[in-house]
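Chains as they are written, first to last, in our numbering: chain W, 22 to 314; chain Z, 3 to 403.
This is how it looks when you write it as structure tokens:
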């Protein structure tokens, strides 16, 4: 449908069969590629709408991570004494906090947007055909602008804190991609469940709230390992954001924050499992989206 | 002989009806699973109905086909299955061309975005590439007559402008197969004519294949070379327009045999009657309407719609209550009766529909009943003109010479 000007002689070799699909349905990557423009346009629409009230939109994207960083640094770094415990200056602790907050806020927003995306597009789903996977995916990517703004603040804070700059910074896109995959994987599950079950929308804020404390956002993850040992840390790493945030911190602060790799790979494994199972569940559920939405 | 561009082979579509036992929250579903696990029972059978049953037809390239049928005949479901929006339960469809569907004008329009932005967004949603939209941009703007307001958010558009813009984008799609649901019912008469003209152009001059659902028999007759007449999810007739339209008009004169006609997912029409029927033009008439609901909801607006045989809306009976909404629930139907003093329509057959707006959705529903008006006998006066000369409304007037 997306190819330019059709030609009559093309008809002979174009054939599409519509029939009921049984059992597990694989993801049709060819089709997704053909619909890539729609993906970008939906992301573009979400971004455009969000920043239409330009001043407020951008200001909020700046203030939210910055103020949270200040509060967390004071509460956890100073009052709880985490920065002393790890032998860090107040400034470094601020960088550490922000380096955890950025992927966390991206993840939390993207996951929440993605989970509500299908229900929010019910009109499109019941009137137009396109690969439904595009909707939660474009909802995740539209959070990338906030993230980019956050990166600028991070670099500013790094200059102010006087931390040294590492080549590891070049790995940030990789860890961003991992955060994207984590948000998308959970978004796939929750968006599809949300179509079918009305109470899923109440679960999402709960995940975000609990996740903030169950992830090493306001403290370095090594604190958990120091205190409780390896076994507990492996359990802790089942939270996919542990790997993402540790990786991100390593990218920003360098060798001193090298992740504990076994834990990191557990997180990556969880993300991969959620992604594959989410895609399969989504494909199975999407057959009835238009009927029940 | 060219291959058919669409082959529909034994398509059926089954919908599961939500019963009281169904689980629509995750919490209920989980407790349900746990209970079943404990008892070792399997899922109970749910109620279901067939929206489409063994539908077969072929379409040749360049054909323009009208799909007609009563409310609930399966027309919209057929279009949804053809457009791949919903999956058939049984059967196969072969498409030998790209298909674009227009089941609603303005799908994906965003209120906050400008006309220009919406043209691109909607174009891509409907299946055009960005390059195609750019190439046709000026044509679209000209067709929609919104040039001055291109950079205004569409939330500030009048409803007429909004519909024009939305249709203009859709009208410039160039797929081999175009599937159109009752979208021409929107907009004013002049714009409707323009849209019909555009559809005719797409079909006749560009050789596209068009499948077109409408209740407007005049439009169907003007556009289509062939008509598929559906009823109860099956194809009742397929062929020459005059024969099929006559058969359909015959069908709607018969009272419906089914007790309750679904109006969307929740509300159903249990009774819609006119008394007397047939009625003599100019005589008093009473009507009764009863709506039921499968779950609790609010009836916000409701109106009885009166259409001419060819689908021209003649009048409505406004049933809103000045003091607000009606609650409606499985054990609490909505019922009203009314009286029209001198029923003022010219003799002929009229088709009765409903506009229904409940908390969850709203829509027009067509051909729920029909009404026959017979000629009044007037003594000692001139014989009246034939009915088709007199339009649709009989005015009472006194003339001085």
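Glycine is no exception: its CB is placed at the ideal position from the N, C-alpha and C atoms.
All figures in this text were calculated on a predicted structure; none of them were measured in a lab.
Specify the secondary structure class of residue i as computed by DSSP and reduced to three states.
i, result
"residue 273(W)", "helix"
"residue 369(Z)", "strand"
"residue 167(W)", "helix"
"residue 310(Z)", "strand"
"residue 92(Z)", "strand"
"residue 34(Z)", "helix"
"residue 4(Z)", "coil"
"residue 112(Z)", "coil"
"residue 243(Z)", "helix"
"residue 23(Z)", "Here residue 23(Z) scores only 49 on pLDDT, less than 50, and its place in the model should not be relied on; the value that follows carries that caveat. Here residue 23(Z) sits in coil by DSSP."
"residue 185(W)", "coil"
"residue 397(Z)", "coil"
"residue 303(W)", "helix"
Please confirm if residue i has its CB atom under 8 Å from at least one CB of chain W.
i, result
"residue 112(Z)", "yes"
"residue 213(Z)", "no"
"residue 98(Z)", "yes"
"residue 26(Z)", "yes"
"residue 65(Z)", "no"
"residue 309(Z)", "no"
"residue 184(Z)", "no"
"residue 78(Z)", "no"
"residue 154(Z)", "no"
"residue 127(Z)", "yes"
"residue 387(Z)", "no"
"residue 362(Z)", "no"
"residue 123(Z)", "yes"
"residue 376(Z)", "no"
"residue 29(Z)", "yes"
"residue 33(Z)", "no"
Hey, how far is the Cα of residue i from the Cα of residue j?
i, j, result
"residue 181(W)", "residue 282(W)", "30 Å"
"residue 2(Z)", "residue 370(Z)", "Nothing about residue 2(Z) can be reported from this structure: the residues present for chain Z run from 3 to 403 only."
"residue 92(Z)", "residue 43(W)", "11 Å"
"residue 295(W)", "residue 206(W)", "5 Å"
"residue 240(W)", "residue 131(W)", "22 Å"
"residue 140(W)", "residue 122(Z)", "23 Å"
"residue 103(W)", "residue 97(W)", "6 Å"
"residue 280(Z)", "residue 173(Z)", "42 Å"
"residue 252(W)", "residue 93(W)", "27 Å"
"residue 299(W)", "residue 86(W)", "29 Å"
"residue 386(Z)", "residue 262(Z)", "40 Å"
"residue 119(W)", "residue 257(W)", "21 Å"
"residue 195(Z)", "residue 164(Z)", "17 Å"
"residue 23(Z)", "residue 125(W)", "Caution applies to residue 23(Z), whose pLDDT of 49 falls short of 50 and renders its modelled position unreliable; the value that the coordinates give is listed next. Spanning the two alpha carbons is a distance of roughly 40 Å."
"residue 327(Z)", "residue 299(Z)", "10 Å"
"residue 113(W)", "residue 184(W)", "7 Å"
"residue 2(Z)", "residue 78(Z)", "Outside the shown range of chain Z (3 to 403) lies residue 2(Z), about which nothing can therefore be said."
"residue 286(W)", "residue 264(W)", "7 Å"
"residue 374(Z)", "residue 308(Z)", "11 Å"
"residue 264(Z)", "residue 49(Z)", "15 Å"
Compare the C-beta of residue i against all C-beta atoms of chain Z and say whether one is closer than 8 Å.
i, result
"residue 302(W)", "no"
"residue 62(W)", "yes"
"residue 90(W)", "no"
"residue 69(W)", "yes"
"residue 312(W)", "yes"
Using a Cβ-Cβ cut-off of 8 Å, state whether residue i counts as contacting chain C.
i, result
"residue 222(W)", "No chain C appears in this structure, whose protein chains are W and Z."
Within the present structure, is the beta-carbon of residue i separated from the nearest heavy atom of the ligand ZN by less than 7 Å?
i, result
"residue 203(Z)", "This structure lacks the ligand ZN; in fact it carries no ligand of any kind."
Shortest alpha-carbon distance to residue i belongs to which of the options?
i, options, result
"residue 203(W)", "290(W), 110(W), 156(W), 280(W)", "290(W)"
"residue 164(W)", "67(W), 46(W), 306(W)", "67(W)"
"residue 309(W)", "214(W), 62(W), 260(W)", "214(W)"
"residue 219(W)", "128(W), 156(W), 137(W)", "137(W)"
"residue 354(Z)", "207(Z), 26(Z), 72(Z), 60(Z)", "72(Z)"
"residue 304(W)", "65(W), 148(W), 209(W)", "209(W)"
"residue 284(Z)", "341(Z), 242(Z), 299(Z)", "341(Z)"
"residue 399(Z)", "339(Z), 256(Z), 346(Z), 87(Z)", "346(Z)"
"residue 221(W)", "225(Z), 15(Z), 390(Z), 28(Z)", "28(Z)"
"residue 76(Z)", "96(Z), 98(Z), 66(Z), 51(Z)", "51(Z)"
"residue 153(W)", "40(W), 247(W), 197(W), 56(W)", "56(W)"
"residue 86(Z)", "107(W), 69(W), 41(W)", "41(W)"
"residue 111(W)", "268(W), 178(W), 232(W), 313(W)", "178(W)"
(request) Write down every uninterrupted run of the beta strand (DSSP E) in the segment 34-97 of chain W whose length is 3 residues or greater and which is fully enclosed by it, in chain order. (result) 37-39
(request) Go through the segment 147-173 of chain Z residue by residue and report every complete run of the alpha helix (DSSP H) that reaches 4 residues or more, in order. (result) 161-173
(message) If we require 4 or more residues per run, which alpha helix (DSSP H) segments fall completely within the segment 118-183 of chain W?
(response) 143-148, 155-162, 165-182
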